[in-house]
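Q:
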Amino acid sequence: MTATEQSPGPHHHDDAELAEFGYKPELKRTLGNFHTFAAGISYISILTGTFQLFYFGYGSGGPAYWWSWPMVFVGQFMVALCFAELAARYPVAGSVYNWSKKIGNPHLGWLAGWMMLIASIVSISAVALAYQLTLPQISSTFQFVGDGTGKYDVATNAVVLAGVLILFTTLINAFGVKLMATINTAGVFIELIATVVLIILFAVHITRGPQVVMQTNHTGAGYSTGYLGAFLVASLASAYVMYGFDTAASLGEESLDPSRNAPRAIIRAIVASFILGGLVLLLALMSVSSLKSDKLSTDGLQYVVLDVLGPTAGKAMLWCVLIAVTVCALAVHTAAIRLAFAMARDNNLPASSLLARVSPRFQTPVLPAVIIGVLALAILVVNIRQPQIFTVVTSIGIIMIYLAYLGVTAPMLVARLRGKWQPAGGGRFSLGRWGLLVNIVAVVWGAAMTVNLIWPRAAVYNASAPYHWYLRWGAVLFVAVIAGGGFAYYWFVQRHRTGVLAEHRLETASAASSAPLSAPAAD
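If you want it as structure tokens, here you go:
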């Protein structure tokens, strides 16, 4: 694997890759190296994901669930390496959609884009609900609905808090990428510092050794396969966190020297998340006062922070977690907007000409920001009285992201086997001779984890009453409906309209959009 240092160059070099798709440059290039890294790491968001899902992983697999973190990292790192090679070759908005379209075909590209778009909207809602896990623990003042003991108090209050966050991300994204990047970068800087501080504070309070990660708490007793069954369920806590690193590439049309910066940002984001997140989880298990507390599987890491650091320092750290959740939601919203813009630019969504319109004042697609925000708010309503259904919907979102990633890595593998894949030239990132092996592992991993995610187990999809068959099979049914129904719409309606809209077409390079896959990248 090779990557060279960034070399300065005029912006027309940055825009060269757009010609292969027949697009003219419209988005303003203002994002530097750290901005793209911040976008990727804020989407993964160490403090958001680990604090939101530790309770599930611990409750399902005990302390030994920690091993799912390096397992998921290895699999997703293979995917990230494939994406880094693609980002060096095609640093364009709506990365997953355009990559799948370019190395596969327009039909596969649309399906990957459609599933990624729906999943991103659901993810905004899911991330925003993390406010409820943190704010009421900082102060009961933030429990606006009831006192938290009523049947629907927590679920309804979660929607209120999440609604405020989604309104914020909608406004910030509507006012342009520069404001978004400034807030996101500041938030990520605080998150990284807070994570390092948290690691140090946990380390000085350790009460047991690292062998704690060998304890299972007898969680495998109810499974015919023993602890393996429990571990596969618990591994979802890690699988739900380590994705979204492609966001750095999705901002390629707004970044400086993206074919060099985006690959590095992708790799750095997932590696930094793995190291820091893994240490947080490990040291939390080593420092918590008791591994037998029920709150570990209900309140999660929030409980550990307050237990280990005390109320004052603990609540200060929870404020940092809140900042992390905020920039995570902002990054997910940003990525969804770029994806919607990319698909609309190809006339692949209803009202495409409106969705693909770039505001001359803010130099960003404003309408997708508003519509995505409204849809994310609408999804939240489900959580008010049916939080189990929302859990199913959230899981569906993650499954569709893994499927969308497969929609990129699988056709990329086919292209390699057929000798049609040509990495970027000019010393930009390339997997070289390791490409085929990495790509095979990425595809096998993506398929295996998708099966694990969609597997209709009561422990994941219907863990508490009321028990309904449609909750347990919800992921299978809804993914089938979303994928099948969406593709049917594309096949019978949208595919007859597809094509770069005239106002977004680079006329002098219109023929380049049909260039063969093996054409050398422009320098």
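Number 522 marks the last residue of the sequence shown (numbering that gives the first Met the number 0); no jumps. Backbone N, C-alpha and C fix where the C-beta goes; we use that ideal spot for every residue, glycine too.
Can the beta-carbon of phenylalanine 201 be found closer than 8 Å to that of valine 307?
A: Sequence index remark: in the sequence shown, residue 201 carries index 202 (1-based). Sequence index remark: in the sequence shown, residue 307 carries index 308 (1-based). Yes, these two residues count as a Cβ contact at 8 Å.
Q: Is the CB-CB distance between valine 144 and threonine 155 below 8 Å?
A: Counting from one through the sequence shown, the residue named residue 144 turns up at place 145. Counting from one through the sequence shown, the residue named residue 155 turns up at place 156. Their beta carbons are under 8 Å apart, which means valine 144 touches threonine 155 by this criterion.
Q: So who's on the other strand from arginine 504, going by DSSP bridges?
A: As a position in the sequence shown, residue 504 is number 505, starting the count at 1. DSSP lists Tyr22 as partners of arginine 504.
Q: Report yes if the CB atom of valine 121 is closer than 8 Å to the CB atom of valine 392, and no otherwise.
A: Here residue 121 refers to the residue found at position 122 of the sequence shown. Here residue 392 refers to the residue found at position 393 of the sequence shown. Yes, they are a contact pair.
Q: With the cut-off set at 8 Å, would you say glutamine 75 and isoleucine 274 are in Cβ contact?
A: Residue 75 sits at position 76 when you count from the first residue of the sequence shown. Residue 274 sits at position 275 when you count from the first residue of the sequence shown. The Cβ-Cβ distance between glutamine 75 and isoleucine 274 does not fall below 8 Å.
Q: So is phenylalanine 55 buried or exposed if we call it buried at 16+ other beta carbons inside 10 Å?
A: Counting from one through the sequence shown, the residue named residue 55 turns up at place 56. With 16 or more Cβ atoms within 10 Å of its Cβ, phenylalanine 55 is classed as buried.
Q: DSSP three-state call for valine 307: helix, strand or coil?
A: Indexing the sequence shown from 1 puts residue 307 at position 308. Three-state result, valine 307: helix.
Q: Can you tell me which of the three DSSP states threonine 1 falls into?
A: Here residue 1 corresponds to residue number 2 of the sequence shown, with the count starting at 1. Here the model assigns threonine 1 a pLDDT of 45, short of 50, so the residue's position is not dependable, and the following value carries that caveat. In the structure shown, threonine 1 sits in a strand (DSSP, three-state: E or B).
Q: Do you know how far the Cα of threonine 133 is from the Cα of isoleucine 266?
A: Within the sequence shown, the letter at position 267 stands for residue 266. Within the sequence shown, the letter at position 134 stands for residue 133. Their backbone Cα atoms lie some 29 Å apart in a straight line.
Q: Please report the residue range of the alpha helix (DSSP H) in which asparagine 172 lies.
A: Within the sequence shown, the letter at position 173 stands for residue 172. Segment 152–173, the alpha helix (DSSP H) holding asparagine 172.
Q: Quick check: does the Cβ of glutamine 142 come within less than 7 Å of any heavy atom belonging to the ligand ADP?
A: With respect to the ligand ADP, the structure offers nothing, as it holds no ligand at all.
Q: Ignore the nearest five residues each way along the sequence and tell me which others in alanine 446's own chain have a CB closer than 8 Å to its CB.
A: Taking the sequence shown and counting its residues from 1, one reaches residue 446 at position 447. Excluding residues within five positions, the ones whose Cβ falls inside 8 Å are Leu405.
Q: Which runs of the alpha helix (DSSP H) fall wholly inside the stretch 434–460 and span at least 4 residues, in chain order?
A: 434–453 and 457–460
Q: Tell me, please, which residues DSSP counts as bridged to leucine 30.
A: The count along the sequence shown starts at 1 and reaches residue 30 at position 31. Answer by DSSP bridge pairing, in chain order: Ser254.
Q: Leucine 348 to glycine 498, Cα distance in whole Å?
A: Here the question's residue 348 lines up with position 349 in the sequence shown. Here the question's residue 498 lines up with position 499 in the sequence shown. Distance between the alpha carbons of leucine 348 and glycine 498 is about 11 Å.
Q: Quick check: what's the CA-CA separation for proline 9 versus valine 413?
A: Taking the first residue of the sequence shown as position 1, residue 9 is located at position 10. Taking the first residue of the sequence shown as position 1, residue 413 is located at position 414. Any reading at proline 9 needs caution, since the residue's pLDDT is 46, under 50, leaving its predicted position unreliable; the model's value is listed next. Going by the C-alpha atoms only, they are around 35 Å apart.
Q: To the nearest angstrom, how far is the alpha carbon of isoleucine 45 from that of leucine 227?
A: In the sequence shown, the residue the question calls residue 45 occupies position 46. In the sequence shown, the residue the question calls residue 227 occupies position 228. Going by the C-alpha atoms only, they are around 26 Å apart.
Q: Between leucine 374 and methionine 114, is the Cβ-Cβ spacing less than 8 Å?
A: Within the sequence shown, numbered from 1, the residue matching residue 374 stands at position 375. Within the sequence shown, numbered from 1, the residue matching residue 114 stands at position 115. Not a contact, by the Cβ cut-off of 8 Å.
Q: Tell me which residues share the same chain as valine 320 and place their Cβ nearer than 7 Å to its Cβ, disregarding the 5 neighbours each side in the sequence.
A: Reading the sequence shown from its first residue, position 321 is the one you call residue 320. Leu46, Phe50 and Thr133, listed in sequence order.
Q: Using a Cβ-Cβ cut-off of 7 Å (strictly less than) and excluding sequence neighbours within five positions of alanine 283, which residues of its own chain qualify?
A: Within the sequence shown, the letter at position 284 stands for residue 283. Around alanine 283: Phe201, Leu300 and Val303.
Q: With a 10 Å radius around its C-beta and 16 neighbouring C-beta atoms as the bar for buried, classify leucine 192 as buried or exposed.
A: In the sequence shown, residue 192 corresponds to position 193, counting from 1. The identity of residue 192 in the sequence shown is isoleucine, whereas the question assumes leucine. In summary, isoleucine 192 is exposed, with fewer than 16 beta-carbon neighbours lying within 10 Å of its beta-carbon over all protein chains present.
Q: How would you write the range of the alpha helix (DSSP H) that glutamine 136 sits in, first residue to last?
A: Start at 1 with the first residue of the sequence shown, and residue 136 comes out as number 137. Here the alpha helix (DSSP H) through glutamine 136 covers 129–137.
Q: By how many angstroms is the C-alpha of asparagine 104 removed from the C-alpha of arginine 263?
A: Counted from its first residue, the sequence shown places residue 263 at position 264. Counted from its first residue, the sequence shown places residue 104 at position 105. Their Cα atoms are separated by approximately 27 Å.
Q: Under 6 Å Cβ to Cβ from isoleucine 165, same chain only, skipping five residues before and after it: list those, please.
A: Numbered from 1 along the sequence shown, position 166 holds the residue referred to as residue 165. Closer than 6 Å at the Cβ level, and outside the excluded window around isoleucine 165, lie Ala127, Gly372, Ala375 and Leu376.
Q: Cutting at 6 Å between CB atoms, please list the residues of its own chain near phenylalanine 82, excluding the five before and the five after it.
A: By one-based count along the sequence shown, residue 82 stands at place 83. So the qualifying residues of the chain are Asp245 and Ile265.
Q: Please give the ranges of any alpha helix (DSSP H) in the stretch 93–132, keeping only runs that are unbroken, at least 4 residues long and fully inside the region.
A: 94–102 and 105–127
Q: On the criterion of 16 or more Cβ atoms from any shown chain inside 10 Å, does lysine 101 qualify as buried, or is it exposed?
A: As a first step, residue 101 is located in the sequence shown; it is residue number 102 there, counting from the start. Looking at its Cβ environment, which holds 16 or more other Cβ atoms inside 10 Å, lysine 101 is buried.
Q: Note down the Cα distance separating methionine 316 from methionine 70, rounded to an integer number of angstroms.
A: The sequence position of residue 316 within the sequence shown is 317, counting from 1. The sequence position of residue 70 within the sequence shown is 71, counting from 1. If I take the Cα positions, the gap works out to 28 Å.
Q: Candidates Lys27, Ala63 and Asp293: which alpha carbon is nearest glutamate 253's?
A: Taking the sequence shown and counting its residues from 1, one reaches residue 253 at position 254. Among Lys27, Ala63 and Asp293, the Cα nearest to that of glutamate 253 belongs to Lys27.
Q: Just to check my reading of the structure: alanine 334 and serine 249 have Cβ atoms closer than 8 Å, yes? What is that Cβ distance to the nearest angstrom?
A: For the purposes of this step, residue 334 is taken as the residue at position 335 of the sequence shown. For the purposes of this step, residue 249 is taken as the residue at position 250 of the sequence shown. Confirmed, Cβ separation roughly 5 Å.
Q: Per DSSP, what kind of secondary structure is alanine 518 in: helix, strand or coil?
A: The sequence position of residue 518 within the sequence shown is 519, counting from 1. Since pLDDT at alanine 518 reaches only 41, below the 50 mark, its modelled position is unreliable, and the value read off the structure follows with that caveat. Coil.
Q: Pick helix, strand or coil for glycine 8, following the three-state DSSP scheme.
A: For the purposes of this step, residue 8 is taken as the residue at position 9 of the sequence shown. Confidence at glycine 8 is low in this model, with a pLDDT of 44, below 50, so the placement of that residue is unreliable and no value is reported for it.
Q: Count Cβ pairs between the stretch 441–459 and the stretch 89–98 that sit closer than 8 Å; are there 3 or more?
A: no
Q: When we look at the beta-carbon of valine 492 and count the other beta-carbons within 10 Å, is it buried (16 or more) or exposed?
A: For the purposes of this step, residue 492 is taken as residue 493 along the sequence shown, with counting starting at 1. By the neighbour-count criterion, in which a residue is buried when 16 or more other Cβ atoms sit within 10 angstroms of its Cβ, valine 492 is exposed.
Q: Assuming leucine 354 contacts leucine 366 under a Cβ cut-off of 8 Å, what Cβ separation, rounded to an integer in Å, is found between them?
A: Working through the sequence shown from its first residue, we reach residue 354 at position 355. Working through the sequence shown from its first residue, we reach residue 366 at position 367. Indeed, because the Cβ distance is near 6 Å, the residues count as touching under 8 Å.
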